[in-house]
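**Student:** Start counting the sequence shown at 51; every next residue gets the next number (my numbering).
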Amino acid sequence: PGRIDEVVYSLLSLPILVIAAIRYVDRLLSASAFCCALSIVVQLVEKVPGVAIYVLPYAGMAFCAAVYLLIKRNDGRRDLRYWRDQFGVLELLSILVFYASGNYWIVQNITAYLSGLEQPPLNWFFWLFTFAVPAMYLYTGLRRKDRLMLDSGIACIVLSFITFRYYYHLVSLSWAATIGGAVLFALSYAAIRYLRRNTRPFTYEPEGKISILQTAGEYLFEQTIAGDAAAPEKDKTGMGGGAFGGGGAGNDF
Numbered sequence: 051p052g053r054i055d056e057v058v059y060s061l062l063s064l065p066i067l068v069i070a071a072i073r074y075v076d077r078l079l080s081a082s083a084f085c086c087a088l089s090i091v092v093q094l095v096e097k098v099p100g101v102a103i104y105v106l107p108y109a110g111m112a113f114c115a116a117v118y119l120l121i122k123r124n125d126g127r128r129d130l131r132y133w134r135d136q137f138g139v140l141e142l143l144s145i146l147v148f149y150a151s152g153n154y155w156i157v158q159n160i161t162a163y164l165s166g167l168e169q170p171p172l173n174w175f176f177w178l179f180t181f182a183v184p185a186m187y188l189y190t191g192l193r194r195k196d197r198l199m200l201d202s203g204i205a206c207i208v209l210s211f212i213t214f215r216y217y218y219h220l221v222s223l224s225w226a227a228t229i230g231g232a233v234l235f236a237l238s239y240a241a242i243r244y245l246r247r248n249t250r251p252f253t254y255e256p257e258g259k260i261s262i263l264q265t266a267g268e269y270l271f272e273q274t275i276a277g278d279a280a281a282p283e284k285d286k287t288g289m290g291g292g293a294f295g296g297g298g299a300g301n302d303f
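#1: Could you say if the segment 94-112 and the segment 146-160 meet the contact criterion of at least three C-beta pairs nearer than 8 Å?
#2: With 16 other CB atoms within 10 Å as the buried threshold, where does Phe235 fall?
#3: According to DSSP, simplified to helix, strand and coil, what is Tyr239?
#4: Enumerate in chain order the residues of its own chain whose CB-to-CB distance from Asp129 is below 7 Å, with the five nearest sequence positions on each side excluded.
#5: Assuming the contact rule is C-beta atoms closer than 8 Å, Ile90 and Leu62 should be a hit. Round their C-beta distance to whole Å, please.
#6: In terms of residues, what are the limits of the alpha helix (DSSP H) holding Ser222?
#7: What are the start and end residues of the alpha helix (DSSP H) that includes Trp155?
#8: Could you check the C-alpha separation between Val68 and Leu164 for me, to the nearest Å?
#9: Indicate the three-state DSSP secondary structure (helix, strand or coil) for Gln169 in the structure shown.
#10: Can you list, in chain order, the residues of its chain with a C-beta nearer than 8 Å to that of Thr213? Leave out the 5 residues immediately preceding and following it.
#11: Return the CA-CA distance between Ser144 and Ser82, expressed in angstroms with no decimal places.
#12: Between Arg194 and Phe84, what straight-line distance do the alpha-carbon atoms span, to the nearest angstrom?
#13: What is the DSSP secondary structure of Asp304, counted as helix, strand or coil?
#14: Using the C-alpha atoms, what's the distance from Gly138 back to Asn173?
#15: To the nearest angstrom, how far is the alpha carbon of Arg123 from that of Ala226?
#16: Below 6 Å CB to CB, which residues in the same chain sit around Ser210 once its five sequence neighbours on both sides are set aside?
#17: Just reading off the alpha helix (DSSP H) that Val91 is part of, what are its end residues?
#18: How far does the alpha helix (DSSP H) with Val101 in it reach, from first residue to last?
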């Protein structure tokens, strides 16, 4: 009964979040609506006995693929231009969650939680998925001149190496970081060589439009710098009660 209540709550919350996201043109509400819809799919699949561990990852992939294709189909519509930023948020979430749905570490932990099995069914498929999907993201980003897909592919490649490192300690951490950096350098070099032969859609000049990942990175950077900044030292020589310049009997010089 508790699980049914959670599904009901999610079903009641979803239309409210969707309407609010459309009405207020809010990216956070759009992300909340996406997460709410995803939770409904997960909870419904999880309730099917004996099927969840086999279907749950593919259900997440299918949901994200449907959202992504729906966004791409309506991306160029002029009557929806006011919600373009919201579409960008949903596109980013669908790309990242699609990868997370098949990442071996996530699937293995969900399988262990639901059934107690140490390895998920078709574990070789999820290992292949963990490394093949980021490569597909990079290729798609370069072919379609899609900055969001390209940045997501780079991030997912890093997560793929972290996932592999979590299970297999073939070399020390320093060597693993060195090898990973060399691989990323080789990929960057190959991408630059490719882009030099296809210079028309690409440029080194800064874009007028800032992507969502760039906005998030700038925000985190600003918060980090602001948090590390030292607080200004209090002036103890000014006029005030008890300090050096005041008329009181304080012990501050």
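Ideal placement from N, C-alpha and C gives every residue a C-beta, glycine not left out. Bear in mind the structure is a predicted one, so any value in this text is a computation, not a measurement.
**Tutor:** Looking at the atomic coordinates:
#1: yes
#2: For the purposes of this step, residue 235 is taken as the residue at position 185 of the sequence shown. Under a 10 Å Cβ-count criterion, Phe235 is classified as exposed, with fewer than 16 other Cβ atoms of the shown protein chains found around its own Cβ.
#3: As a working mapping, residue 239 is identified with position 189 in the sequence shown. Looking at Tyr239 - three-state DSSP - the assignment turns out to be helix.
#4: Stepping through the sequence shown from its first residue, residue 129 is reached at position 79. Nothing listed; no residue qualifies.
#5: Residue numbering aside, residue 90 sits at position 40 when the sequence shown is read from its first letter. Residue numbering aside, residue 62 sits at position 12 when the sequence shown is read from its first letter. Wrong, their Cβ atoms sit about 11 Å apart, outside the cutoff.
#6: Taking the first residue of the sequence shown as position 1, residue 222 is located at position 172. Careful: Ser222 lies outside any alpha helix (DSSP H) and carries neither H nor E.
#7: Along the sequence shown, read from residue 1 onward, the residue named residue 155 stands at position 105. Taken as a continuous stretch (DSSP letters only), the alpha helix (DSSP H) holding Trp155 covers Tyr154 to Ser165.
#8: Counted from its first residue, the sequence shown places residue 68 at position 18. Counted from its first residue, the sequence shown places residue 164 at position 114. For Val68 and Leu164, the distance between alpha carbons rounds to 31 Å.
#9: Taking the sequence shown and counting its residues from 1, the one referred to as residue 169 is at position 119. It is coil, neither helix nor strand.
#10: Counted from its first residue, the sequence shown places residue 213 at position 163. Answer for Thr213: Asn153, Tyr154, Trp155 and Thr180, listed in chain order.
#11: Translated into the one-based positions of the sequence shown, residue 144 becomes position 94. Translated into the one-based positions of the sequence shown, residue 82 becomes position 32. Whole-angstrom Cα-Cα distance: 13 Å.
#12: Sequence index remark: in the sequence shown, residue 194 carries index 144 (1-based). Sequence index remark: in the sequence shown, residue 84 carries index 34 (1-based). The straight-line gap from Cα to Cα measures roughly 25 Å.
#13: Not covered by the structure: residue 304. The range shown for the chain is 51 to 303.
#14: Taking the first residue of the sequence shown as 1, we reach residue 173 at position 123. Taking the first residue of the sequence shown as 1, we reach residue 138 at position 88. Going by the C-alpha atoms only, they are around 32 Å apart.
#15: For the purposes of this step, residue 123 is identified with residue 73 of the sequence shown, where counting begins at 1. For the purposes of this step, residue 226 is identified with residue 176 of the sequence shown, where counting begins at 1. Cα-Cα distance, rounded: 41 Å.
#16: Working through the sequence shown from its first residue, we reach residue 210 at position 160. Answer for Ser210: Thr180, Phe181 and Pro184, listed in chain order.
#17: Position 41 of the sequence shown, counting from 1, holds the residue named residue 91. It spans Arg77 to Glu96 - the alpha helix (DSSP H) in which Val91 sits, taken as one unbroken run.
#18: To locate residue 101, count along the sequence shown from 1; it is residue 51. From DSSP, Val101 is part of no alpha helix (DSSP H); its letter is neither H nor E.
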